[in-house]
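Down below is the structure, laid out as structure tokens.
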Amino acid sequence: DIELYRHLQDIGFTLDLLVETADSFLITLFPKDALLFVWDHALIDGPWERQLSLFLADALRLMRNEFLRAMDLDTVTRLISNAPSQLCTTDLRLVYQRRRSCHGATITKHEE
14 DIELYRHLQD IGFTLDLLVE TADSFLITLF PKDALLFVWD HALIDGPWER QLSLFLADAL
74 RLMRNEFLRA MDLDTVTRLI SNAPSQLCTT DLRLVYQRRR SCHGATITKH EE
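Printed below as a string of structure tokens:
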């Protein structure tokens, strides 16, 4: 998602920052049950680093609209801190299944 990438880069949230903070980002971003799902599949599907970055990208895409509305790095940090209340494990499972079955599927957040 080039638009999301450019927007995050413009406000100072770079891929380098994401990589440097990946462990805490992962733990902060996902609800506990989703974190266990990510952990299991990252270990099963391997390699760990590749799977971790795919799940992080999935989470960013699921919260795409929220991140696009963020106008500064502090807002992005708050979004990440509040993400467990925003992300549903069901959404992550669906995204994972779509990603496994066909690349490039549209990713949308589950509406409750």
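First residue of the sequence shown: 14, per the numbering used here; consecutive thereafter. The beta carbon of each residue, even a glycine, is placed where N, CA and C say it ideally should be.
| Item | Value |
| --- | --- |
| Whole-angstrom C-beta distance between L17 and L73, which should lie under 8 Å | 7 Å |
| Local conformation of H69 per DSSP, three classes | According to the sequence provided, residue 69 is Leu. The question's His does not apply to it. Three-state result, L69: helix. |
| Start-to-end residues for the alpha helix (DSSP H) that takes in D85 | That residue, D85, is in no alpha helix (DSSP H); it is neither H nor E in DSSP. |
| Cβ neighbours of D85 in the same chain (closer than 6 Å, five flanking residues each side left out) | I24 |
| Cβ neighbours of G117 in the same chain (closer than 7 Å, five flanking residues each side left out) | No answer about G117 holds up, because its pLDDT of 47 lies below 50 and its placement is not dependable. |
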